[in-house]
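Peer 1: Below: one structure in structure tokens.
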Amino acid sequence: MTPDRREQAKADRWARILAAATELFAEQGYDAVTTRDVAKAAGVGMGTLFRHAGSKPALLVHVMNDLLDEGVRRAGALVDGGASIGRASAAIVEPLIAEGASHPQNLRAYQRETLFGAPDLRLLAVEHLTVLESTLVDLLAAHARRRPGVEASEVAHLVSAVVTMELIRAGAGRTPFDEVAPRIERSVELVLTGLLEPRP
0 MTPDRREQAK ADRWARILAA ATELFAEQGY DAVTTRDVAK AAGVGMGTLF RHAGSKPALL
60 VHVMNDLLDE GVRRAGALVD GGASIGRASA AIVEPLIAEG ASHPQNLRAY QRETLFGAPD
120 LRLLAVEHLT VLESTLVDLL AAHARRRPGV EASEVAHLVS AVVTMELIRA GAGRTPFDEV
180 APRIERSVEL VLTGLLEPRP
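Below, the structure written as structure tokens:
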């Protein structure tokens, strides 16, 4: 097998593992799923699964990060259609909210692992936070003008902090899942008042 074909086979196996983990976590919840379940559903051996993912927590982090990526894509489409930054910010986390509403343990475990888990999982979380903030910078540029002296990166950091805190509140059971998106939209709009000027 050529190096290119080996890489493709590796990518295909990882895609199967990730798809199986996504489906099982969504159906049964993180606590009920074992790595053996994921390996069987993906049609791979346990050794192959651990070479690709390393651990069950790592599988969850990858699954939830993919949901966050999906939300980022949705947010971009909304802003392109004229939606506010508040609405787009809420859309970023709606796939995570939906997952948490079905299985709160999934969101709690994700937050636990990205905050207190192994260093590689925390690094993945930081990388995604960086992507989230850079996406927000792009969305802000497309939607509004900054007031003098206000940096887009500073505004994006504030919006990211609002989004993250609302997710933490939901994971801790402090906010009902169906209230998270409206709270984010309202909070972001309040934060941005005075920092941005709507484009004419």
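Using numbering that gives the first Met the number 0, the first residue of the sequence shown is number 0, and each one after it goes up by one.
Backbone N, C-alpha and C define an ideal beta-carbon position, used for all residues, glycine too.
Computed from a prediction, not measured in an experiment: that's the story for all the values here.
1) In chain order, what residues of the same chain lie with their CB nearer than 7 Å to the CB of Ala19, ignoring the 5 residues before and after it?
2) Residue range of the alpha helix (DSSP H) that Asp33 falls in?
3) For the alpha helix (DSSP H) containing Pro147, name the first residue and the last one.
4) Please report the straight-line C-alpha distance between Met45 and Ala10, rounded to a whole angstrom.
5) Mind checking which residues open and close the alpha helix (DSSP H) that includes Ala74?
6) Mapping the DSSP letters down to three states, classify Thr192 as helix, strand or coil.
7) Inspect the beta-carbon positions of Leu23 and Gly75 and report whether they are closer than 8 Å.
8) Helix or strand or just coil, what does DSSP make of His102?
9) Can you tell me which of the three DSSP states Thr113 falls into?
10) If you check the beta carbons only, do Val240 and Leu191 fall under 8 Å apart?
Peer 2: Looking at the coordinates:
1) For this step, residue 19 is matched to residue 20 along the sequence shown. So the list reads Val37, Ala40 and Ala41, once near-sequence residues are dropped.
2) Against the sequence shown, residue 33 aligns to sequence position 34. Correcting the residue type first, residue 33 is Thr in the shown sequence and not Asp. That residue, Thr33, is in no alpha helix (DSSP H); it is neither H nor E in DSSP.
3) Looking up residue 147 in the sequence shown gives position 148. Neither: Pro147 is in no alpha helix (DSSP H) and is coded neither H nor E.
4) As a position in the sequence shown, residue 45 is number 46, starting the count at 1. As a position in the sequence shown, residue 10 is number 11, starting the count at 1. Going from the Cα of Met45 to the Cα of Ala10 covers about 17 Å.
5) One-based indexing of the sequence shown puts residue 74 at position 75. It spans Lys55 to Asp79 - the alpha helix (DSSP H) in which Ala74 sits, taken as one unbroken run.
6) As a first step, residue 192 must be located in the sequence shown, where it is residue number 193. Strand.
7) Here residue 23 is taken as the residue at index 24 of the sequence shown, counted from 1. Here residue 75 is taken as the residue at index 76 of the sequence shown, counted from 1. In this structure, Gly75 does not lie closer than 8 Å to Leu23 by Cβ.
8) Mapped onto the sequence shown, residue 102 falls at position 103. Reduced to three states, the DSSP call for His102 is coil.
9) Working through the sequence shown from its first residue, we reach residue 113 at position 114. Reduced to three states, the DSSP call for Thr113 is helix.
10) Since the first residue shown for the chain is 0 and the last is 199, residue 240 is missing from the structure and cannot be characterised.
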